[in-house]
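Notes follow the structure.
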Amino acid sequence: MTVTVALERVTRRFGPVEAVRDVSFTLPPGEIVALVGHNGAGKTTLMKLMLGLVRPSEGAVRVLGEDPAAGEFAARRRLGFLPESVSFNGALTGRETLAFYARLKGETPARAFALLDRVGLGAAALRRVGTYSKGMRQRLGLAQALLGAPRLLLLDEPTTGLDPALRQGFYEILQELRAGGATVLLSSHALTELEGEAERVLIMNRGRLVANGSLEELRRLARLPVRIRVTGEAQGLDTFAQHLGGIHPSRRVNGHVVEIETEAETKIAVLRRALGEGAAISDVDVLPPTLDELYAHFLRAQERSPSGEERA
Amino acid sequence: MRTVCVIAAKEIQEGLRNRWVLATTLLLAGLALTLTFLGSAPTGQVGVRALDVVVVSLSSLTIFLLPLIALLIAHDAIVGDMERGTMLLLLSYPVGRGEVVLGKFLGQVAVLAFATLVGYGAAAVALLAGGTAIDGESLAAFAAMMGSSVLLGAAFVALGHLVSARARDRGTAAGVAVGIWLFFVLLYDMGLLGLLVADRGRLVSARMLDVLLLLNPADAYRLFNLAGSGGVGRFSGMAGLAASAGMGPSVLLAALALWTAVPLGLAALSFSRREL
Chain A
1 MTVTVALERV
11 TRRFGPVEAV
21 RDVSFTLPPG
31 EIVALVGHNG
41 AGKTTLMKLM
51 LGLVRPSEGA
61 VRVLGEDPAA
71 GEFAARRRLG
81 FLPESVSFNG
91 ALTGRETLAF
101 YARLKGETPA
111 RAFALLDRVG
121 LGAAALRRVG
131 TYSKGMRQRL
141 GLAQALLGAP
151 RLLLLDEPTT
161 GLDPALRQGF
171 YEILQELRAG
181 GATVLLSSHA
191 LTELEGEAER
201 VLIMNRGRLV
211 ANGSLEELRR
221 LARLPVRIRV
231 TGEAQGLDTF
241 AQHLGGIHPS
251 RRVNGHVVEI
261 ETEAETKIAV
271 LRRALGEGAA
281 ISDVDVLPPT
291 LDELYAHFLR
301 AQERSPSGEE
311 RA
Chain B
1 MRTVCVIAAK
11 EIQEGLRNRW
21 VLATTLLLAG
31 LALTLTFLGS
41 APTGQVGVRA
51 LDVVVVSLSS
61 LTIFLLPLIA
71 LLIAHDAIVG
81 DMERGTMLLL
91 LSYPVGRGEV
101 VLGKFLGQVA
111 VLAFATLVGY
121 GAAAVALLAG
131 GTAIDGESLA
141 AFAAMMGSSV
151 LLGAAFVALG
161 HLVSARARDR
171 GTAAGVAVGI
181 WLFFVLLYDM
191 GLLGLLVADR
201 GRLVSARMLD
211 VLLLLNPADA
221 YRLFNLAGSG
231 GVGRFSGMAG
241 LAASAGMGPS
251 VLLAALALWT
261 AVPLGLAALS
271 FSRREL
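Just so you know, the sequences run in chain order A and B. Position 241 (the first sequence) corresponds to 241 in full-length UniProt numbering; numbering is contiguous. Position 107 (the second sequence) corresponds to 107 in full-length UniProt numbering; numbering is contiguous.
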């Protein structure tokens with residue numbers, strides 16, 4: 001099956017600033033992909049490139065089989081976009097707003113109104129958008145992005161302003177769309193909240209794509225240490241720490257807890273040892289590297305070798 | 001075309017909702033009615049051409065007011081939506097930028113046309129209801145005045161769009177819009193008058209004056225209505241200028257149409273080159 005989005009060596013300059021530098025990736029159908037990076041890393045510029053609102057300085061962008069900046073609109077009918085901090089005219093009601101966008105996409109407004117219920121705005125549909133809370137505007141933004149059964153959804157920081165329950169509902173909608181073969185690209189400045197939702201992660205830093213892979217692949221690639229936290233009696237822990245001291249770095253958290261850093265492959269050996277020493281150990285915790293650590297690792301990796309690009 | 005209509009309809013809907021339509025209509029109707037009844041004082045009760053007087057006074061008012069209203073509505077059309085972030089979303093839809101400009105233009109002109117026709121129409125209806133006899137010629141002059149008023153409004157809406165498409169931010173757009181109003185409505189005629197007085201007919205020929213008058217949509221409108229056919233010219237005191245000006249109504253209307261089409265085309269061009 002053909003890819004939904006393909007970027008090939010895309011660079012985009014704004015004056016002297018390179019907002020996007022030599023970025024290539026493809027997005028297949030039926031995948032939820034997270035685009036992660038700091039503010040100013042180039043996420044929004046990438047979205048605008050895919051929407052055809054800015055043209056690449058170099059390289060080529062193809063979305064749903066066409067060049068989005070060419071002025072052909074067939075692809076845009078199958079594309080949903082939620083801009084960062086979406087805004088609407090406050091004088092119109094939620095229904096009127098959605099009806100307007102539905103007409104632009106050639107969909108009948110009556111069908112579009114079902115989407116308001118789907119995002120939990122059914123009760124507020126007849127209220128003016130000016131009276132909506134930020135979360136409600138965000139949900140109205142999501143409803144308009146879902147118009148016209150999109151094959152590609154570009155969501156820029158979609159979950160800001162949503163409380164955890166709404167966020168859950170939001171991801172459920174995305175999973176349904178994905179199951180229907182749609183591609184979802186959502187950007188975020190934090191990796192943590194995307195765990196379990198995105199199959200693939202693209203990490204951007206200063207306009208460059210520094211990582212591209214599933215979370216497991218990125219973990220393997222980063223080779224970040226696993227931390228083993230052992231709780232026990234003070235004396236036993238001392239001898240245990242001494243045993244390991246030469247091999248793995250360890251650190252006393254407090255009188256009863258010691259933390260050992262080890263690579264994923266030797267994790268089991270260290271655990272065996274911890275349990276086998278006969279020391280009075282009351283608890284063992286294994287802490288895999290967090291997503292924030294993983295994210296920080298890829299950012300650091302690029303800082304060290306500005307030209308280097310890590311790929312999975 | 002469908003897209004243009006959808007955007008125009010939303011513009012009208014917003015105008016209705018935020019009371020622009022209501023406020024403009026009431027303002028124009030109020031002024032028109034006031035002028036109608038105050039303005040008929042000099043002609044007295046026997047004035048058989050009451051409507052002609054209304055045409056003169058209303059069109060003088062229109063020259064000041066309609067361009068201002070048009071620029072107020074239009075200067076925000078593009079740059080305002082860009083600043084509010086709604087333009088980014090709109091352009092992610094299957095919508096061309098030319099369609100956005102044309103749709104917004106048509107919507108705003110429709111709002112202005114409604115206000116003008118209803119507001120000024122009220123004056124004519126009031127005169128008729130008051131038992132004033134109005135002949136066909138006056139009625140035609142009045143209808144021409146209403147139609148050309150809409151066209152004048154459209155020209156300034158188009159100018160407002162051009163400002164809006166080029167301005168960096170809303171504040172700049174508002175400032176430039178006010179400047180355009182001052183220039184065309186007040187300063188241009190003063191300058192022209194000064195030029196004619198200083199020149200004493202040595203350099204500025206009648207033909208050149210024609211061109212200079214056409215270079216201002218407000219002057220084209222003024223000539224069209226005040227120097228127009230029948231009795232209106234007599235009341236307006238513009239008959240002298242009308243006699244010397246070799247321009248028929250069609251030339252003046254064409255000038256107004258060009259003053260609409262050219263700025264609008266330039267606005268669409270500027271907007272399509274702009275990056276968000």
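By construction, the Cβ of each residue, glycine as well, lies at the ideal position given by its N, Cα and C atoms.
{"Check": "DSSP-derived helix/strand/coil call for Ser272(B)", "Outcome": "helix"}
{"Check": "Residues in the region 130-157 of chain A having any Cβ partner in chain B nearer than 7 Å", "Outcome": "none"}
{"Check": "Contact list for Phe88(A) against chain B, beta-carbon separation under 7 Å", "Outcome": "Thr86"}
{"Check": "Assigned secondary structure, Ala34(A) (DSSP; H/G/I helix, E/B strand, else coil)", "Outcome": "strand"}
{"Check": "First and last residue of the uninterrupted alpha helix (DSSP H) at Phe100(A)", "Outcome": "Gly94 to Leu104"}
{"Check": "Distance between Ala165(A) and Met204(A) (C-alpha atoms, nearest Å)", "Outcome": "28 Å"}
{"Check": "Of the residues Gly122(A), Leu299(A) and Glu72(A), the one placed nearest Ala190(A), counting alpha carbons only", "Outcome": "Leu299(A)"}
{"Check": "Own chain partners of Val109(B) with C-beta closer than 6 Å, once the 5 adjacent residues on each side are dropped", "Outcome": "Ala154 and Val157"}
{"Check": "CB contact check: Ser270(B) to chain A, cutoff 8 Å", "Outcome": "no"}
{"Check": "Where the alpha helix (DSSP H) containing Asp292(A) begins and where it ends", "Outcome": "Leu291 to Arg304"}
{"Check": "Residue range of the unbroken alpha helix (DSSP H) whose run includes Met87(B)", "Outcome": "Thr86 to Leu91"}
{"Check": "Closest Cα partner of Asp81(B) within the set Arg17(B), Ala173(B), Val55(B) and Leu16(B)", "Outcome": "Ala173(B)"}
{"Check": "Cβ-based contacts, 7 Å cut-off: residues of the region 63-94 of chain B near chain A", "Outcome": "Arg84, Gly85, Thr86, Leu88, Leu89, Leu91, Ser92, Tyr93 and Pro94"}
{"Check": "Identity of the residue in Glu107(A), Ala41(A), Tyr295(A) and Gly30(A) nearest Val17(A) by Cα", "Outcome": "Ala41(A)"}
{"Check": "Partners in chain A for Arg17(B), counting only beta-carbon separations shorter than 7 Å", "Outcome": "Ala91 and Leu92"}
{"Check": "Interface residues of chain B facing Val54(A) [CB-CB closer than 8 Å]", "Outcome": "Glu275 and Leu276"}
{"Check": "8 Å Cβ cut-off: residues of chain B touching Pro83(A)", "Outcome": "Gly85, Leu88, Leu89 and Ser92"}
{"Check": "Start-to-end residues for the beta strand (DSSP E) that takes in Leu193(B)", "Outcome": "No beta strand (DSSP E) contains Leu193(B), which is instead part of the alpha helix (DSSP H) from Tyr188 to Asp199."}
{"Check": "Contiguous beta strand (DSSP E) assignments of at least 3 residues, all confined to the region 179-263 of chain A", "Outcome": "183-188, 200-205, 208-213, 226-232, 250-254 and 257-262"}
{"Check": "Extent of the continuous alpha helix (DSSP H) to which Glu66(A) belongs", "Outcome": "Looking at the DSSP string, Glu66(A) is not in any alpha helix (DSSP H), and its letter there is neither H nor E."}
{"Check": "is_contact[Phe73(A), chain B] using C-beta, thresh 8 Å", "Outcome": "yes"}
{"Check": "Span of the alpha helix (DSSP H) around Ala140(B)", "Outcome": "Gly136 to Arg166"}
{"Check": "Status (buried if at least 16 other CB within 10 Å, exposed otherwise) for Val46(B)", "Outcome": "Legend: pLDDT at Val46(B) = 49, less than 50; position of this residue unreliable, value from coordinates given subsequently. The residue in question, Val46(B), is exposed, as its Cβ has fewer than 16 Cβ neighbours within 10 Å."}
{"Check": "Which listed residue (Val257(A), Pro150(A), Arg223(A) and Leu215(A)) has its alpha carbon closest to that of Glu233(A)", "Outcome": "Val257(A)"}
{"Check": "DSSP state of Thr2(A) mapped onto helix, strand, coil", "Outcome": "coil"}
{"Check": "Limits of the unbroken beta strand (DSSP E) element including residue 315(A)", "Outcome": "Residue 315(A) lies beyond the range of chain A shown here (1 to 312); nothing can be said about it."}
{"Check": "CB contact below 8 Å: Phe113(A) versus chain B", "Outcome": "no"}
{"Check": "Buried or exposed by the 16-neighbour rule on C-beta atoms within 10 Å, applied to Lys134(A)", "Outcome": "exposed"}
{"Check": "CB contact check: Glu310(A) to chain B, cutoff 8 Å", "Outcome": "Residue placement at Glu310(A) cannot be trusted, given a pLDDT of 42 that sits under 50; the coordinates are not used to answer."}
{"Check": "Endpoints, beta strand (DSSP E) assigned at Arg19(B)", "Outcome": "First-last for Arg19(B): undefined, no H or E at that position."}
{"Check": "Assigned secondary structure, Ala148(A) (DSSP; H/G/I helix, E/B strand, else coil)", "Outcome": "One detail in the question is off: residue 148(A) reads as Gly in this sequence, not Ala. Reduced to three states, the DSSP call for Gly148(A) is coil."}
{"Check": "Asp285(A) - partner residues in DSSP beta bridges", "Outcome": "Arg229(A)"}
{"Check": "Which residues DSSP lists as bridging residue 381(A), in chain order", "Outcome": "With chain A covering 1 to 312 only, the question about residue 381(A) has no answer from this structure."}
{"Check": "8 Å contact criterion, which Val54(A) and Thr26(A) should meet: CB distance rounded", "Outcome": "Going by Cβ atoms, the distance from Val54(A) to Thr26(A) rounds to 20 Å, so no, they are not a contact pair."}
{"Check": "Residues of its chain near Arg97(B), where Cβ-Cβ distance is below 6 Å and the 5 sequence neighbours each way are ignored", "Outcome": "Phe271 and Ser272"}
{"Check": "Contact with chain B by Arg12(A), beta-carbon distance below 8 Å", "Outcome": "no"}
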